[in-house]
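One structure is given here, and the rest of the page talks about it.
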Amino acid sequence: MNYSKKNVRDVDVKGKKVLLRCDFNVPQDKATRAITDDRRIRAALPTIRYLLENGAAVIACSHLGKPKGEVKPELTLAPVAERLGELLGQEIIFAKDVVGPDAQAKAAALKAGELLLLENTRFEKGEEKNDPAFSRALADMAELFVSDAFGTVHRAHASTAGVAEYLPAVSGFLIEKELEIMGKALEAPARPFAAVLGGAKVSDKIPVIENLLDKADIIIIGGGMAYTFMKAMGYEVGSSLLEEDKIGFALDMLRRAREKGVKLLTPADNVVGSAFAPDCERKTVDTGCIPAGWMGMDIGPKTIAMYSEAIKGAGTVIWNGPMGVFEFDAFAEGTRAMARAMAESGAVTIVGGGDSAAAVEQLGFADKMTHISTGGGASLEFLEGKALPGVVCLLDK
Ligand code: ADP
Ligand code: MG
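Taking the numbering used here, the leading residue of the sequence shown gets 4, the next gets one more, and so forth.
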């Protein structure tokens, strides 16, 4: 995939009607529908402000939840319009439909410096089907498409990709940053390039491991999937998470790493628990010494020292997947130590994946990373090296 895409600064937006795809899929209180976390709305402000200040008339749109092509009043974007207006300090015009008569009339009357928010795009059946007629109707209201919803770029929907068939399309600042930092890391990383891979299952991460094996100098394995690798190396793993049917894959990866000269590191020791519970009995044992009935829940201190050393010397570190069951305090140390090592290294540090981003925030290292990718599924597909429809559709630089 070509990561070098035009952004809002590369085109003239003055006097143009701009369709802006945002990610306003915010968490809400079930009963009151009050927005419980407005970070996604705040994150959209720089692009919105840039467009408004540079003389565009902005027609913003987003999905919210899963109304599946039906109008679900509880999933209206009205609360988003209200919060956006407060944050922007400007009155927002809100359309009662997506491409219906209200949206069309308000879009036609929209002036430079004004912002119109359309209703939930997934109220329309054509959205998730990427229906050309719906894409066309969206496009007809505007002269330029700006895509800034990174969380949905892996989906080929009408408002994320389809609309670009009918309008020149560029990125906003959020997607620009994702492409610049993650794209560069995958294409021309500062070396040595280390990938820290963990999480629960090998099977979730096969395409990520395969893609990064071709690009990284060092691959650091932790989390639940480490036990399938250990088993492949001939060690007993007790009751640890094990995917028997992926032992062959792990062996193949170990062999390919050797052939390519990629350093593939696996845990030397482990913190094991007597049960999958926050308050279970625990002890630290070397790899190969996990007693029957015990399960590996975190990497141990020797492993932490070895992995931290590797991270310290890296030029780029990409991290996907926690090193242990960080949700339980007793097994969060490995994940915390990796976050610390990354924060203290001089490397370009990138965190991708929903749980990994949550772990880094929860452990207090968020502001010490170069970049935390905002899209869970999208950042994973990015790391897999997949072509993302919402990126492919943008104009090349
Ligand atoms: P991401 O969302 O960042 O891609 P994953 O979803 O792959 O990450 O993995 C996150 C989950 O992996 C966490 O819920 C964590 O508890 C779990 N995990 C980490 N280590 C282990 C382990 N040793 N055994 C079982 N689960 C683990
Ligand atoms: Mg996850």
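All residues carry an ideal CB built from backbone N, CA and C; glycine is no exception.
Does any heavy atom of ligand 1 sit closer than 7 Å to the C-beta of residue i?
i    : result
G202 : yes
S206 : no
P325 : yes
E89  : no
F27  : no
F385 : no
M300 : yes
E239 : no
F329 : yes
G388 : no
L245 : no
G227 : yes
Does the beta-carbon of residue i, which I'm using as the reference point, lie nearer than 7 Å to any heavy atom of ligand 2?
i    : result
G355 : no
D15  : no
D358 : yes
Whole-angstrom Cβ separation of residue i and residue j, contact assumed at under 8 Å?
i    : j    : result
G337 : I302 : 4 Å
V320 : A271 : About 20 Å separates the two Cβ atoms, so there is no contact after all.
K114 : D105 : Their Cβ separation, rounded to whole angstroms, is 17 Å, which puts K114 and D105 out of contact at 8 Å.
L7   : K263 : Note that residue 7 corresponds to Ser in the displayed sequence, not to Leu. About 27 Å; that fails the 8 Å criterion.
F137 : E146 : So it is not a contact: roughly 18 Å between Cβ atoms.
V394 : L182 : 7 Å
K208 : G324 : 7 Å
T50  : L177 : 7 Å
Under a three-way DSSP split, which group does residue i fall into?
i    : result
Q365 : helix
G165 : helix
D301 : strand
I375 : strand
G318 : coil
D32  : coil
T287 : strand
G276 : strand
F331 : coil
F196 : strand
A60  : strand
I402 : Nothing about residue 402 can be read from this structure; the chain reaches only from 4 to 400.
A158 : Looking at the sequence provided, one finds Arg at residue 158 rather than Ala. In this structure, R158 counts as coil in the three-state DSSP scheme.
K114 : coil
F148 : strand
I38  : strand
L55  : helix
D255 : helix
T79  : coil
V351 : strand
A140 : helix
F27  : coil
N214 : helix
Which word fits residue i, buried or exposed, when buried means at least 16 other C-beta atoms lie within 10 angstroms of its C-beta?
i    : result
R261 : exposed
E122 : buried
A164 : buried
T231 : buried
R339 : buried
G276 : buried
D358 : buried
Just to confirm, are residue i and residue j a CB contact at a threshold of 8 Å?
i    : j    : result
G201 : M372 : no
G215 : I222 : Here the sequence assigns Leu to residue 215, which means Gly is not the residue at that position. Taking 8 Å as the Cβ cut-off, L215 and I222 qualify as a contacting pair.
R43  : D26  : yes
T124 : S162 : yes
I444 : I353 : The chain is shown from 4 up to 400; residue 444 falls before or after that span and cannot be answered.
L268 : I224 : yes
L244 : K234 : no
L170 : L22  : yes
G316 : H157 : no
I250 : M144 : no
Closer than 7 Å: is that where the CB of residue i sits relative to any heavy atom of ligand 3?
i    : result
G379 : With respect to ligand 3, the structure shown offers nothing to examine, as its ligands consist of ligand 1 and ligand 2.
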